[in-house]
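Visitor:
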Amino acid sequence: MWSCDFIFWTQAESQLPLIGETKGKHSVNLDKPSSSSSFHKCSEEAPKQEAVKTDDVRGLKRKSLHENSFSPMQRFRKQHLSVTLLCDQTWCEMKSVYNLLKPHIKRKEMQRTEVQIGQEIHLSRELEIQDVVPVDIRTREDGEAVKLLNMLHMIPLLEAGQRVREFPVFGVQEGVFIMGVIDELMYNQKGELVLNELKTRRQNSLPSSAQDKVNCFQGFFLVRHGFRK
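Residue numbers (this note's numbering): 9 to 237.
1. Classify Asn-204: buried if its beta carbon has 16 or more other beta carbons within 10 angstroms, exposed otherwise.
2. If distances are taken between C-alpha atoms only, which option among Gln-87, Ile-163, Arg-120, Leu-108 comes closest to Arg-210?
3. Contact defined as beta carbons within less than 8 Å: I believe Met-6 pairs with Phe-175. What is the distance between those atoms, to the nearest angstrom?
4. Using the beta-carbon count (16 or more within 10 Å), is Asn-196 buried or exposed?
5. Would Ser-217 be called buried (16 or more neighbouring beta carbons within 10 Å of its own) or exposed?
6. How big is the Cα-Cα spacing for Leu-165 and Arg-171?
7. Suppose you measure from the CA of Phe-185 to the CA of Cys-224; what does that come to, to the nearest Å?
8. Rounded C-beta distance between Ser-104 and Leu-93? I'm assuming under 8 Å.
9. Could you check the C-alpha separation between Glu-122 and Glu-152 for me, to the nearest Å?
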């Protein structure tokens with residue numbers, strides 16, 4: 009058994025002690041790998057690992073610069089913004105961000121039982137006063153055309169004093185196209201236009217103040233962009 013104090017220098021190799029120059033008169037078996045040789049091997053692998061990490065960091069930076077070069081509308085491939093998306097930010101901004109970054113989360117949420125029941129309630133109320141005719145939509149332009157035709161069909165009914173539901177509205181805010189749907193519209197006896205929004209809840213309780221704020225904000229947006237002169 010023998011002991012030897014190793015000192016790892018960061019300078020030239022000439023300053024490192026030779027293997028045979030150990031303390032005391034002890035022999036060293038050169039056939040066995042020494043600690044110094046393993047250290048040099050590790051020191052050679054370290055720059056390679058650092059180079060890989062550096063490439064990963066550079067790749068992330070390039071990806072970040074590439075994403076920042078696009079506007080949010082271009083990045084998420086949005087042709088327009090919905091009133092619901094704008095108003096959801098007042099409830100939880102992080103939820104809105106995750107819905108954009110992870111669309112499957114939003115799709116999974118829309119499949120919940122509470123959401124499906126709410127959609128059925130909206131459809132049943134719409135069928136009380138108007139018929140729904142299925143239309144084969146093949147392109148995005150077809151969908152926008154159907155919304156315009158529905159709006160043009162509802163305007164004369166609204167002016168005649170009837171009640172209309174699921175009324176589409178459009179608007180432009182700071183160069184961004186915004187779309188929304190009003191649950192119910194009608195004129196009262198004073199000739200004032202009345203907007204009613206139907207909100208379904210999972211629990212039999214009144215909404216909180218934060219939810220009331222979202223609903224008021226949504227109604228404000230619908231009126232602002234639906235009936236701007």
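The beta carbon of each residue, even a glycine, is placed where N, CA and C say it ideally should be. Computed from a prediction, not measured in an experiment: that's the story for all the values here.
Guide: Walking through what the data contain:
1. With fewer than 16 other Cβ atoms inside 10 Å of its own Cβ, Asn-204 counts as exposed.
2. Arg-120
3. This structure does not reach residue 6, given that the chain is present from 9 up to 237, and the question cannot be answered.
4. exposed
5. exposed
6. 7 Å
7. 21 Å
8. That belief holds up - the Cβ atoms of Ser-104 and Leu-93 are roughly 7 Å apart, short of 8 Å.
9. 28 Å
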